[in-house]
Each structure stands twice: as structure tokens, then as C-alpha cells.
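Enquirer: Got a structure for you, questions after.
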Amino acid sequence: MKAKYEPPLIVRHSLAGVNKLGSIPAIRPMSSIDGVRIEELVVAYGSPLFVFSENTLRERVRELRGELGRRFASFDLGWSYKTNYLSAVCRVFHQEGSLAEVVSGMELRKALAAGVAGQQIIFNGPAKTAADLTLAFEKRVQVHIDHLDELALAETVAEGLGIVPEVGIRVSQSDLPVPTWDRFGFHLESGRAIEAARRIVRSGRLGLRSLHGHIGTFIPNPDAYRMAALAMTRFARQIESELGARITTIDLGGGFASHNTLHAQYLPGEEATPSFSEYVEAIASGLEEGLDGAETPRLVLETGRALVDDAGVLVATVLGNKRLADKRRAVIVDAGVNILPTAWWYRHDVRPAQEILGTAEPTVFFGPLCMAIDVVRDRVMFPPLRVGDRVVIRHVGAYNVTQWMQFISERPNVVMVSPKGQHAIIRKAETLETLLLQEQMPAWL
Amino acid sequence: MDPESTRLRDLALSDTGFVFDPLTGHTFTVNLTGQLALRCLKDGLSPEATARRLTEEFESDKNTDPVRDVQDFVLQLRDCGLLE
Numbered sequence: 154m155k156a157k158y159e160p161p162l163i164v165r166h167s168l169a170g171v172n173k174l175g176s177i178p179a180i181r182p183m184s185s186i187d188g189v190r191i192e193e194l195v196v197a198y199g200s201p202l203f204v205f206s207e208n209t210l211r212e213r214v215r216e217l218r219g220e221l222g223r224r225f226a227s228f229d230l231g232w233s234y235k236t237n238y239l240s241a242v243c244r245v246f247h248q249e250g251s252l253a254e255v256v257s258g259m260e261l262r263k264a265l266a267a268g269v270a271g272q273q274i275i276f277n278g279p280a281k282t283a284a285d286l287t288l289a290f291e292k293r294v295q296v297h298i299d300h301l302d303e304l305a306l307a308e309t310v311a312e313g314l315g316i317v318p319e320v321g322i323r324v325s326q327s328d329l330p331v332p333t334w335d336r337f338g339f340h341l342e343s344g345r346a347i348e349a350a351r352r353i354v355r356s357g358r359l360g361l362r363s364l365h366g367h368i369g370t371f372i373p374n375p376d377a378y379r380m381a382a383l384a385m386t387r388f389a390r391q392i393e394s395e396l397g398a399r400i401t402t403i404d405l406g407g408g409f410a411s412h413n414t415l416h417a418q419y420l421p422g423e424e425a426t427p428s429f430s431e432y433v434e435a436i437a438s439g440l441e442e443g444l445d446g447a448e449t450p451r452l453v454l455e456t457g458r459a460l461v462d463d464a465g466v467l468v469a470t471v472l473g474n475k476r477l478a479d480k481r482r483a484v485i486v487d488a489g490v491n492i493l494p495t496a497w498w499y500r501h502d503v504r505p506a507q508e509i510l511g512t513a514e515p516t517v518f519f520g521p522l523c524m525a526i527d528v529v530r531d532r533v534m535f536p537p538l539r540v541g542d543r544v545v546i547r548h549v550g551a552y553n554v555t556q557w558m559q560f561i562s563e564r565p566n567v568v569m570v571s572p573k574g575q576h577a578i579i580r581k582a583e584t585l586e587t588l589l590l591q592e593q594m595p596a597w598l
Numbered sequence: 759m760d761p762e763s764t765r766l767r768d769l770a771l772s773d774t775g776f777v778f779d780p781l782t783g784h785t786f787t788v789n790l791t792g793q794l795a796l797r798c799l800k801d802g803l804s805p806e807a808t809a810r811r812l813t814e815e816f817e818s819d820k821n822t823d824p825v826r827d828v829q830d831f832v833l834q835l836r837d838c839g840l841l842e
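Taken in sequence, the protein lines are chains A and B.
With our numbering, the residue at position 253 of the first sequence is 406, and numbering never jumps.
With our numbering, the residue at position 14 of the second sequence is 772, and numbering never jumps.
See the structure below:
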């Protein structure tokens, strides 16, 4: 029997692919999602194609809830809308008991339109308008105040409505083993946070009930959360002892790392990322130390990326091959950074969607844009691909379908696969008409 | 390409696809089709004749283009410093 043909290839031996931890991992195909063949999905819905696994969404959020439930009597998860606000994805999280965590008026209105009760919505973000705050207070949304001008605006709005809404303040911290994120909220160590608390309590026009902190994003160090929880708990006790206001909720925001691998990261994310158990244990430890026997407040987390990233893949089709000046094989696929902005942050895991034969060699994946920055994956050992082959880009569930750009082409279909193998579109592909619908021609042209 | 290239002729090629260049000491790996292509080119066959041999010896389908692939292989040999 004849061996299958593959393009002839010669590879010079070098030590570049070997490190102290071993050899380059083999590329394993990913040909199905929850039992549904990827080729079947592409035939039905086109390429490129985002596919979300309902099963993985539920598994991830249940795992985190399980870890929290083992350590906290009272907790909530707020689904981070900005990470992925497709209605079907939000519905899965709400069905699993998550609140909505929104950061803009649009997201607030989207959550309300989806039927989420105001009390089940947390409103963060640094740019709330009077209209946003009016709607939020009328619906009894949990508002977290970001800065003094917003605090003044919130007081004015509340007074106009004739109510005293319960709010929280956003608190930033410096004394953590992560880069300081001080653009959100009132800074703790410099005394601005306690000044904001004093102003709220003394004016009496708002009720201070919660503290919110968001220490950063993609934080692979659970100890940062222990330290943040400790500092926030001590701050809550300071407010209680000095101002007599009881802080009933401590919200530590999001920022847990997903299983992606940052460009500058050494170990792959699937090995380096802490488990939910490690993060939650660190938070519990910090809270316990800070409370020192006092009553435990309700804990809220707004984990987004770590819950949704693993549930989404982007399927793309090979359009062509070429060889670059530095000898790398280049593969052009039909999905670019306009729909995959996270390619700028991550070395995304790219897999073939079918068994492919042949010798792996350094390969770069380019998207279809006529722009040098359109690099989907800059260097990965990959077997030869042919025109029409499918590749699967993994861990793309977070931020892509909210931050994607409508640039030189229509955005593609997004589908969801159910645990029973059903599949359906959850966001329709755009058409030229979608674009033209938004445009208008001035009368003088 | 000069089919009589001494550089190619002097390469040591094992049955497992291991290639040794005695001039530089560099070593290489060729895949199965690369082994046959390299043997053909060492023997002085043209790229077109080499592509025909590949078609005869391997199971291919309508999507394969051995002529283009052998042309690319010759460029790879040049990239590796094995051809002028």
C-alpha cells in the first residue's frame, strides 16, 4: 500500500525547539465540539465561525460556584457583560445564578431588556451619566461609585428622585504584587477611599453598603487576591468603626486568568493558570485574617474571562500557503485580528480540525486583512495544511465578540452547541445591508 | 538548479530521513516524500521528473500539486545552504 502524499520538506536541526522542560508538544486535532463535528458546523454556518460550548460554560461556572460554596455562606457571581454580552451566553450564566455586572449604560439597558431584575445588576464603570444613574436608582441597581464627580452626580440624582439608594465605592490598591490599577475607584493607601466613604456617610444622601475592587486582569497569582481581600476587609472594618456604616458586601471584581497563554508567558496557560480552588482559597484566607472574628460579609466576584474563554473557539479555513524570508511557513486563514483582537495578547492554541499528516515545522498564521499586524499566531510548530483545511483557534470566548471590529468584511456567525448536540446561531453574520442600514447620505451630495 | 550539483551528491541520506552535510556539519530531517525527492535530485533528475516519481510512489489526490511542491522543495534546499 502506498504512503499518503505530503509536500516534500527538509528541516534543519537546531536546539531552538528544546528547553529544559522537554520537547515541543504534539499538535492534536480538534475535530468536534461536544460531539458535533466542526466540519458539519462550518458547512451549516460558514467560515470563519465562532462556536460556544454551553456545556463548558456551565461546567466552568458550576466549578467556581462549588469552590465558593465550600468556603462562604453568602456569595454571588456577577456575570461580566463586557467579556461577552451575547444574549445566549448571558442567559446561560443567569440560569446558573449569576448576577449581571455591567459597566455602561448600554450594558445596563441590555441586562434590563433581558429581564434581569435591577437588584440583580451591579453597575461598575468610570463613566455613568445622569440618565444612567437615574435608570439604575429607579431599578434599584447596585451602583459602585468610581470618582468624586460621579459621587456628587449620584447624590444629585438620588435627591431628585427623593430616595436614598444604597451604593458601594470602587477602591483601588497599590500594595499588591501586581501592577497598580489606580484609574478605577478611590485609592486606598493615599486616603482617598476613606474620604469618599466619609463624604457619603456624612451627607446621608446615599447609603454606603459595599466595597468594590478590581485589582487587574489576567492575574496568575492567587496571593494578590489574598492581599486584596485582607486590605478590603480591614478597610470595611475601619468604615464601620469610624463612621458606623455597616459594609455588607465585599466585591473583589474579576481578573482570574484563563487557560490562554500571554505572549510574554513562559509556561503554557493550561499548565500555569491557577485553579478556581487556589484563587478562592486565597480570598478566603485574606478575608478571614482581615475579619478577625467579625461577621463575614457577602462576597461578590465578577470573574469573566476565566469562565467564558475556554467555552469559545474560532473555526477558520486555510486560504493559502507561502514561505517567508525567514524560512517560516506562512498559512493564510480567513479569520483575522479584526474578529480576534485577543491574538494581540495571547499565543492562541491553534489546532487542525482534521487529522493531518506530515512533518511539523515553524509556522505563522496570518489572517485575511491587508495589514502587517494581522497575525493570528506568530510561531507554532505545525504540520502542513492545504487550502480548504480547517483550523480551530481555542480559548477565544472572552472579549472577542465584544471587542471585534467591523473592518473590511462582515462579522461572521456565532453559534452555540448544546450538551445534547443541538446547535443554533446566537448572533447572525452581518451582511452588506447591515452596514448600509446605519449609513445616511447628506442631502447635498 | 545544476542537477550535477556536488553539494547535493555529497549529502549523506539515511533510510530514516536523516541528512548530513559533510561540508558544514549541519544535519537535517526530510519527510518521506522529501527523501524520495532528495534522492531523485541527487541522481540528477529534473524537478518535473522528480514530481512524476512522487506521484507514482505516493497516494495523492486531485488537490495535490507535486510540481509546485518540488519547486518549493528546491527553494528549501537553497534556504538550507545545500544548493547554490
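The beta-carbon is built from N, C-alpha and C at its ideal position, and this holds for glycine as well.
How many whole angstroms separate the CB atoms of A/R165 and B/F776, which I take to be in contact at a CB cut-off of 8 Å?
Expert: Translated into positions along the first sequence, residue 165 of chain A becomes position 12. Translated into positions along the second sequence, residue 776 of chain B becomes position 18. About 12 Å separates the two Cβ atoms, so there is no contact after all.
Enquirer: By the criterion of Cβ-Cβ separation under 7 Å, what are the contact partners of B/G792 in chain A?
Expert: Residue mapping note: residue 792 of chain B aligns to position 34 of the second sequence, counting from 1. P161, L162, I163, listed in chain order.
Enquirer: Kindly indicate if chain A contains any beta-carbon less than 7 Å away from that of B/A795.
Expert: Counting from one through the second sequence, the residue named residue 795 of chain B turns up at place 37. It does; some Cβ of chain A falls within 7 Å.
Enquirer: At 7 Å on the CB atoms, spell out the chain A contacts of B/S818, in chain order.
Expert: The residue you call residue 818 of chain B lines up with position 60 of the second sequence. Under the 7 Å cutoff, chain A gives Y158.
Enquirer: How do the stretch 527-536 of chain A and the stretch 506-519 of chain A stand: do at least 3 beta-carbon pairs fall below 8 Å, yes or no?
Expert: In short, these stretches touch, since the Cβ pair count reaches three.
Enquirer: If you measure between the beta carbons of A/Y378 and A/I322, is that distance less than 7 Å?
Expert: As a position in the first sequence, residue 378 of chain A is number 225, starting the count at 1. As a position in the first sequence, residue 322 of chain A is number 169, starting the count at 1. No, they are not a contact pair.
Enquirer: Does any residue of chain A bring its CB to less than 7 Å from the CB of B/Q834?
Expert: Residue 834 of chain B sits at position 76 when you count from the first residue of the second sequence. For B/Q834, the answer is yes, since a Cβ of chain A falls inside 7 Å of its Cβ.
Enquirer: Closer than 7 Å by beta-carbon distance: list the chain A residues that pair up with B/F786, in chain order.
Expert: Locating residue 786 of chain B in the second sequence gives position 28, where the first residue counts as 1. Within 7 Å Cβ-Cβ: I163, V164, R165, H166.
Enquirer: Taking Cβ-Cβ distances shorter than 8 Å, what residues in chain B pair up with A/G511?
Expert: Mapped onto the first sequence, residue 511 of chain A falls at position 358. Ordered by position in chain B, the residues that pass the 8 Å Cβ test against A/G511 are N789.
Enquirer: Can you name the residues of chain B whose CB is closer than 9 Å to the CB of A/R539?
Expert: Taking the first residue of the first sequence as 1, we reach residue 539 of chain A at position 386. The contacting residues are N821, T822.
Enquirer: If A/E308 and A/S363 are in contact, beta carbons under 8 Å, what's the gap, nearest whole angstrom?
Expert: Here residue 308 of chain A refers to the residue found at position 155 of the first sequence. Here residue 363 of chain A refers to the residue found at position 210 of the first sequence. 17 Å between Cβ atoms; not a contact.
Enquirer: Using a Cβ-Cβ cut-off of less than 8 Å, list which residues of the stretch 801-812 of chain B approach chain A; keep chain order.
Expert: From the stretch 801-812 of chain B, only L812 have a Cβ closer than 8 Å to chain A.
Enquirer: Helix, strand or coil for A/H247? Go by DSSP, reduced to three states.
Expert: Walking along the first sequence from the start, residue 247 of chain A turns up at place 94. It is helical.
Enquirer: Output the boundary residues of the beta strand (DSSP E) element that contains A/S363.
Expert: To locate residue 363 of chain A, count along the first sequence from 1; it is residue 210. 360-365 is the span of the beta strand (DSSP E), which, as asked, contains A/S363.
Enquirer: A/K281: buried (16+ other C-beta within 10 angstroms of its C-beta) or exposed?
Expert: Reading the first sequence from its first residue, position 128 is the one you call residue 281 of chain A. Buried is the call here.
Enquirer: Can you look up B/F778 in the DSSP assignment and give me helix, strand or coil?
Expert: Here residue 778 of chain B corresponds to residue number 20 of the second sequence, with the count starting at 1. Strand, per DSSP.
Enquirer: Once the 5 residues before and after A/P521 are set aside, which same chain residues still bring their CB inside 6 Å of it?
Expert: Position 368 of the first sequence holds residue 521 of chain A. For A/P521, where only same-chain residues beyond five positions count, the Cβ hits under 6 Å are D487, G489.
Enquirer: Strictly by DSSP, which residues pair up with A/F429?
Expert: Your numbering for residue 429 of chain A matches position 276 in the first sequence. Beta-bridge pairing links A/F429 to no other residue.
Enquirer: Is it the case that the Cβ atoms of A/E216 and A/F519 are separated by a distance below 7 Å?
Expert: Looking up residue 216 of chain A in the first sequence gives position 63. Looking up residue 519 of chain A in the first sequence gives position 366. No, Cβ-Cβ distance for A/E216 and A/F519 is not below 7 Å.
Enquirer: Hey, how far is the Cα of A/I403 from the Cα of A/R543?
Expert: For this step, residue 403 of chain A is matched to residue 250 along the first sequence. For this step, residue 543 of chain A is matched to residue 390 along the first sequence. When rounded, the distance between both Cα atoms is 46 Å.
Enquirer: For B/A795, which residues from the same chain have a beta carbon less than 7 Å from its beta carbon, with the 5 sequence-adjacent residues on both sides left out?
Expert: By one-based count along the second sequence, residue 795 of chain B stands at place 37. Here the set comprises T808, L812, V828, F831.
Enquirer: Can A/I274 and A/A241 be called in contact, C-beta distance under 7 Å?
Expert: Along the first sequence, one-based indexing puts residue 274 of chain A at 121. Along the first sequence, one-based indexing puts residue 241 of chain A at 88. Not a contact, by the Cβ cut-off of 7 Å.
Enquirer: When the distance is taken between beta carbons, is A/V433 closer than 7 Å to A/L221?
Expert: Here residue 221 of chain A refers to the residue found at position 68 of the first sequence. Here residue 433 of chain A refers to the residue found at position 280 of the first sequence. Yes, they are a contact pair.
Enquirer: Please report the straight-line C-alpha distance between B/D779 and B/S772, rounded to a whole angstrom.
Expert: Against the second sequence, residue 779 of chain B aligns to sequence position 21. Against the second sequence, residue 772 of chain B aligns to sequence position 14. If I take the Cα positions, the gap works out to 12 Å.
Enquirer: Leaving out five residues before and five after A/G258 in sequence, what residues of the same chain have Cβ atoms less than 8 Å from its Cβ?
Expert: One-based indexing of the first sequence puts residue 258 of chain A at position 105. These residues qualify, in order along the chain: K281, T282, A284, D285, L288.
Enquirer: Here's the rule I'm using: 16 or more other beta-carbon atoms within 10 Å means buried, otherwise exposed. How should A/T587 be labelled?
Expert: Here residue 587 of chain A refers to the residue found at position 434 when the first sequence is read from its first residue. A/T587 comes out exposed.
Enquirer: What does A/R481 touch in chain B if you count any residue whose Cβ is under 9 Å from its own?
Expert: Locating residue 481 of chain A in the first sequence gives position 328, where the first residue counts as 1. Result: empty, since nearest Cβ-Cβ is about 11 Å, beyond 9 Å.
Enquirer: Quick one: which chain B residues come within Cβ less than 8 Å of A/K573?
Expert: Residue mapping note: residue 573 of chain A aligns to position 420 of the first sequence, counting from 1. Going along chain B, no residue has its Cβ under 8 Å from A/K573, so there is no contact; the nearest lies around 35 Å.
Enquirer: Restricting to runs no shorter than 3 residues, where is the beta strand (DSSP E) found entirely within the stretch 487-552 of chain A?
Expert: 503-505, 514-519, 528-535, 543-546, all fully within the stretch 487-552 of chain A.
Enquirer: Could you tell me whether the stretch 539-553 of chain A touches the stretch 488-507 of chain A, where touching means 3 or more Cβ pairs closer than 8 Å?
Expert: Short answer: they touch.
Enquirer: Under 8 Å, CB to CB, which of the residues in the stretch 454-481 of chain A have a partner in chain B?
Expert: Those residues of the stretch 454-481 of chain A that come within reach of chain B (Cβ to Cβ, closer than 8 Å) are R476, K480.
Enquirer: For A/R351, which residues in the same chain have their Cβ closer than 7 Å to its Cβ, ignoring the five residues on either side in sequence?
Expert: Residue 351 of chain A sits at position 198 when you count from the first residue of the first sequence. These residues qualify, in order along the chain: L396.
Enquirer: Which partner residues does B/F831 have in the DSSP bridge list?
Expert: The residue labelled residue 831 of chain B in the question sits at position 73 within the second sequence. Note: B/F831 sits in no beta bridge, so no partner.
Enquirer: Report the CB separation of A/E423 from A/H412 in whole angstroms; it is logged as a contact under 8 Å.
Expert: Indexing the first sequence from 1 puts residue 423 of chain A at position 270. Indexing the first sequence from 1 puts residue 412 of chain A at position 259. Sure, about 5 Å apart at Cβ, within 8 Å.
Enquirer: Could you give the distance in angstroms between the alpha-carbon of A/L420 and the alpha-carbon of A/Q591?
Expert: Indexing the first sequence from 1 puts residue 420 of chain A at position 267. Indexing the first sequence from 1 puts residue 591 of chain A at position 438. Their backbone Cα atoms lie some 45 Å apart in a straight line.
Enquirer: Using the Cβ count rule (16 or more neighbours within 10 Å means buried), how would you classify A/L174?
Expert: Taking the first sequence and counting its residues from 1, one reaches residue 174 of chain A at position 21. With a pLDDT of 48 at A/L174, under the threshold of 50, the modelled position of that residue is not reliable, and the figure given next carries that caveat. Label assigned to A/L174: exposed.
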